[in-house]
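Participant: Handing you a structure now.
Chains as they are written, first to last, in the numbering used here: chain A, 11 to 139; chain B, 11 to 139.
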């Protein structure tokens, strides 16, 4: 028995100026840009928006491919969730750092990450297999 | 003074079988597929998932371009919100049926629609201009 939920979405930006991109998206969506990725040693290719009030994890990622958006699913059991999604028809693209990149039968890529939301247990959907 | 919020996202699918696509995404995300677009006279190019428990509007759209995802913003004042987003750097692509298609400075398209969520007033962000 494991659980999962949409944790939020990643705004993939092909840009040389991720701060400017974060400024636009933060203002457009009404979310503050956090300083989570501005610390020494942290990821220079990410900026996090504070979407806690909507129970969403919203992050910008600097990418080399064309700009797009993708969903993140969070789970308490990465292997079980990836296996469940494979049975539904999704494919594994690869394991990156701490998450699985998958592809839907309709072609969109999305990621499966370990759960981080403090109310994950209450918010997530329970799967019997 | 007007308001806006992320209403949710649209899963744009290049597919001949939107029902099969809705079945995958509904099961993957843990949302039921509603019958909102299966009534006579309704839109054959859309399927709605029931994401009410997450305060999200999630819909599949059959498209001719490559599959992707896009955000919807909802507002109580379409003109004011589109003008606000333009000042932030977004561009107008066109008015379709009842909504504006816009493009972020980082290239992603998104839509601005009239608010539908029953708790819109409480959930939305207030803008002074």
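All C-beta atoms, glycine included, are put in the ideal place defined by N, C-alpha and C.
(1) Give me the chain A residues within the contact set of residue 85 (chain B), using Cβ-Cβ distance strictly less than 9 Å, ordered along the chain.
(2) Taking DSSP's pairing of strands, which residues face residue 35 (chain B) in a bridge?
(3) Find the residues of chain B that neighbour residue 80 (chain A), judging by a C-beta separation of less than 8 Å, and give them in chain order.
(4) At what residue ranges does the stretch 86-115 of chain B contain a whole run of the alpha helix (DSSP H), taking only runs of 4 or more?
(5) Please classify residue 60 (chain B): does DSSP put it in a helix, a strand, or coil?
(6) With burial defined as no fewer than 16 other Cβ atoms inside 10 Å of the residue's Cβ, what is the status of residue 136 (chain A): buried or exposed?
(7) Report yes or no: do the stretch 80-90 of chain B and the stretch 16-32 of chain B share at least 3 C-beta pairs separated by less than 8 Å?
(8) In the structure shown, what three-state DSSP assignment does residue 129 (chain B) receive?
(9) Give me the Cβ distance between residue 64 (chain A) and residue 65 (chain B), rounded to the nearest whole Å; I'm assuming they're in contact under 8 Å.
(10) Is there a Cβ from chain A that is less than 7 Å from the Cβ of residue 118 (chain B)?
(11) What span of residues does the beta strand (DSSP E) with residue 69 (chain A) cover, start to end?
(12) Can you say whether residue 120 (chain B) is buried or exposed, counting buried as having 16 or more other CB atoms within 10 angstroms of its CB?
Facilitator: Concretely, from the data shown:
(1) Indexing the second chain from 1 puts residue 85 (chain B) at position 75. Neighbours of residue 85 (chain B) on chain A: none; closest Cβ ~11 Å, over 9 Å.
(2) Locating residue 35 (chain B) in the second chain gives position 25, counting from the first residue. The beta-bridge partner set that DSSP reports for residue 35 (chain B) is empty.
(3) Counting from 1 along the first chain, the entry for residue 80 (chain A) is found at position 70. By Cβ distance, chain B contributes 79.
(4) The stretch 86-115 of chain B contains, as complete alpha helix (DSSP H) runs of 4+ residues, the segments 88-98 (chain order).
(5) Mapped onto the second chain, residue 60 (chain B) falls at position 50. Per DSSP, reduced to three states, the secondary structure at residue 60 (chain B) is strand.
(6) What you label residue 136 (chain A) is simply residue 126 of the first chain in a count that begins at 1. Counting the other Cβ atoms within 10 Å of the Cβ of residue 136 (chain A) gives fewer than 16, which makes it exposed.
(7) Between the stretch 80-90 of chain B and the stretch 16-32 of chain B there are three or more C-beta pairs closer than 8 Å, enough to call the two in contact.
(8) Looking up residue 129 (chain B) in the second chain gives position 119. In the three-state scheme derived from DSSP, where H, G and I count as helix and E and B as strand, residue 129 (chain B) is classed as coil.
(9) Here residue 64 (chain A) refers to the residue found at position 54 when the first chain is read from its first residue. Here residue 65 (chain B) refers to the residue found at position 55 when the second chain is read from its first residue. Here residue 64 (chain A) really is in contact with residue 65 (chain B); their C-beta atoms are around 7 Å apart, less than 8 Å.
(10) Working through the second chain from its first residue, we reach residue 118 (chain B) at position 108. Answer yes: the Cβ-Cβ gap between residue 118 (chain B) and chain A drops below 7 Å somewhere.
(11) Position 59 of the first chain holds residue 69 (chain A). Segment 67-72, the beta strand (DSSP E) holding residue 69 (chain A).
(12) Within the second chain, the letter at position 110 stands for residue 120 (chain B). Label assigned to residue 120 (chain B): buried.
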